[in-house]
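Going by UniProt numbering, the letters in the sequence shown line up with residues 1 to 315, in that order. From the three backbone atoms N, C-alpha and C, an ideal C-beta is built for every residue, glycine too.
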Amino acid sequence: MAQPEIDDGGPRPSQDSGATARVRVRAGVASEKPVNASGIALLVSDVDGTLLRMDKSLAPATIAAVDRLRAAGVRFTLVSARPPRGMLPLIQALNIKVPTAAFNGGAIVGARGEVLESTRLTRRDARITLDLLLREPVETWVFADDQWLLRDPAGEYVPLERMTLGYDGVVVEDFSPWEDRIDKIVAASADPALLARLEQALNALIAPHALALRSQAYYLDITHARANKGDALSALARQVGVPLTATAAIGDGDNDVPMFKRAGLSIAMGHANSEVRAQARRVTASNEQDGLAQAIDRIILAGAGAGAGQAPSRG
Numbered sequence: 001m002a003q004p005e006i007d008d009g010g011p012r013p014s015q016d017s018g019a020t021a022r023v024r025v026r027a028g029v030a031s032e033k034p035v036n037a038s039g040i041a042l043l044v045s046d047v048d049g050t051l052l053r054m055d056k057s058l059a060p061a062t063i064a065a066v067d068r069l070r071a072a073g074v075r076f077t078l079v080s081a082r083p084p085r086g087m088l089p090l091i092q093a094l095n096i097k098v099p100t101a102a103f104n105g106g107a108i109v110g111a112r113g114e115v116l117e118s119t120r121l122t123r124r125d126a127r128i129t130l131d132l133l134l135r136e137p138v139e140t141w142v143f144a145d146d147q148w149l150l151r152d153p154a155g156e157y158v159p160l161e162r163m164t165l166g167y168d169g170v171v172v173e174d175f176s177p178w179e180d181r182i183d184k185i186v187a188a189s190a191d192p193a194l195l196a197r198l199e200q201a202l203n204a205l206i207a208p209h210a211l212a213l214r215s216q217a218y219y220l221d222i223t224h225a226r227a228n229k230g231d232a233l234s235a236l237a238r239q240v241g242v243p244l245t246a247t248a249a250i251g252d253g254d255n256d257v258p259m260f261k262r263a264g265l266s267i268a269m270g271h272a273n274s275e276v277r278a279q280a281r282r283v284t285a286s287n288e289q290d291g292l293a294q295a296i297d298r299i300i301l302a303g304a305g306a307g308a309g310q311a312p313s314r315g
């Protein structure tokens, strides 16, 4: 595959951006906003590793760039592996007034926090996944009923997840009472080879109804197969009345590739692995170098002819 271009010009829509959405969105669709000169009307951003720096902070440069994006008439929203509650502080900080996607797209959440669409694991797939993971040397977490459930509060990655989500997990002895309503299961480990093996083993057991995919080098997420960022991008675009050809997606992880394949313009973060970068049309700087802000200014707004001095829109 040809190497992606690095932020040196305006966006060029993908040839395969007309994929049909598989997520059914029950809420009403807002009227379409005029598409600016860049051709992009909606930017969908990953959160951890893209919107945020490595210390989970939201840079002032990123906030300012999102304001400039809105001033140019481009809507901005988020898609994340996080649960809805773990996204709320960011939604508030960025004053996002359009739907967002949590659990890799397993939940489409309205601007007021209402769940517009929820796609959970089946009991069968949840049980198969838990039976396998609980025999392995990984931390296993379950997200259900708007809670983060865990069995080992002293796990290596618990402090990081607590900082990421902004709330504590609930310690339980057994996950089985929640098996019929699980949004996401996570395996956490410092051993990437182990997670790669588990990813392959699980997908052989739960496909095509469920999907195991790494959201970070140390996290393996298991969700319903329709809980993916490609379907999420389609649902978010439909919510605001924007065609897929007028969407842009930016991310850094393996789980961002499905939305790269749907979006009119795909942008990878500079620190993403080579496989992820190869799937994107453009590559920006890393999150530590304010890569999202650079992508907004140098790729999207450069095409729109918008200047950095414009006042922000809060619409």
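Rounded distance between the beta-carbons of residue j and residue i, thought under 8 Å
i           : j      : result
ALA232      : PRO192 : Incorrect: roughly 25 Å between the Cβ atoms, too far for contact.
ALA81       : VAL138 : Incorrect: roughly 16 Å between the Cβ atoms, too far for contact.
LEU121      : HIS271 : Not really, about 30 Å apart at Cβ, beyond 8 Å.
VAL79       : LEU42  : That pair is no contact at about 11 Å.
ALA293      : THR119 : About 32 Å; that fails the 8 Å criterion.
GLY264      : ILE40  : 7 Å
ASN255      : ASP221 : 7 Å
residue 320 : GLY253 : Residue 320 lies beyond the stretch modelled for the chain, which goes from 1 to 315, so this question has no answer here.
Beta-carbon proximity list for residue i, same chain, < 6 Å, skipping 5 on both sides
i      : result
PRO83  : ALA102, PHE143
VAL170 : GLN147, LEU149
GLY155 : GLU139
SER176 : none
ILE296 : ALA65, LEU69
PHE76  : LEU43, VAL66, LEU69
Buried or exposed by the 16-neighbour rule on C-beta atoms within 10 Å, applied to residue i
i      : result
GLU179 : buried
ALA210 : buried
ASP131 : exposed
ASP125 : buried
ALA196 : exposed
GLY113 : exposed
GLU288 : exposed
ILE182 : buried
ALA207 : exposed
LEU133 : buried
Span separating the alpha-carbon of residue i from that of residue j
i      : j      : result
LEU51  : GLU117 : 24 Å
GLN92  : VAL47  : 14 Å
SER266 : ARG70  : 19 Å
LEU236 : ARG282 : 22 Å
LEU213 : SER234 : 19 Å
ALA65  : ALA249 : 15 Å
ILE300 : SER286 : 17 Å
PRO243 : ARG151 : 43 Å
GLU136 : ILE128 : 13 Å
LEU94  : LYS56  : 15 Å
TRP141 : ALA190 : 15 Å
ALA204 : LEU198 : 10 Å
ALA111 : LEU194 : 38 Å
THR245 : LEU202 : 33 Å
THR284 : SER45  : 13 Å
SER215 : ALA72  : 31 Å
ALA302 : PRO153 : 47 Å
ASP174 : THR164 : 24 Å
PRO11  : GLY241 : Annotation note: pLDDT 38 at PRO11 (below 50); position unreliable, no value reported.
Opening and closing residue of the alpha helix (DSSP H) in which residue i lies
i           : result
LYS229      : 229-239
PHE143      : No alpha helix (DSSP H) holds PHE143; the beta strand (DSSP E) holding it covers 139-144.
VAL158      : 158-165
residue 337 : Missing from the structure shown is residue 337; the chain here goes from 1 to 315 and no further.
THR62       : 60-71
PHE260      : 257-262
Beta-carbon contacts of residue i that lie in its chain and below 8 Å, excluding the five residues immediately before and after
i      : result
ASP168 : TRP148, ARG162
PRO89  : GLY166
VAL109 : PRO84, MET87, PRO99, THR100, ALA101, ALA102, VAL115, LEU116
Own chain, CB closer than 7 Å to residue i, minus 5 neighbours either side, in chain order
i      : result
ALA227 : PHE103, ASN104, GLY105, GLY106, THR119
ALA280 : PRO4, PHE260, SER266, ILE267, ALA268
GLY230 : PRO258, MET259, LYS261, ARG262
Min CB distance residue i to chain C below 9 Å
i      : result
ALA188 : In summary, chain C is missing from the structure at hand, where a single protein chain is found.
Bounding residues of the beta strand (DSSP E) (the contiguous stretch that carries residue i)
i      : result
SER118 : 115-118
ILE222 : 219-224
Residue i Cβ short of 8 Å to the ligand NAD heavy atom set
i     : result
ALA71 : Among the components of this structure there are no ligands whatsoever, and the ligand NAD is therefore not found.
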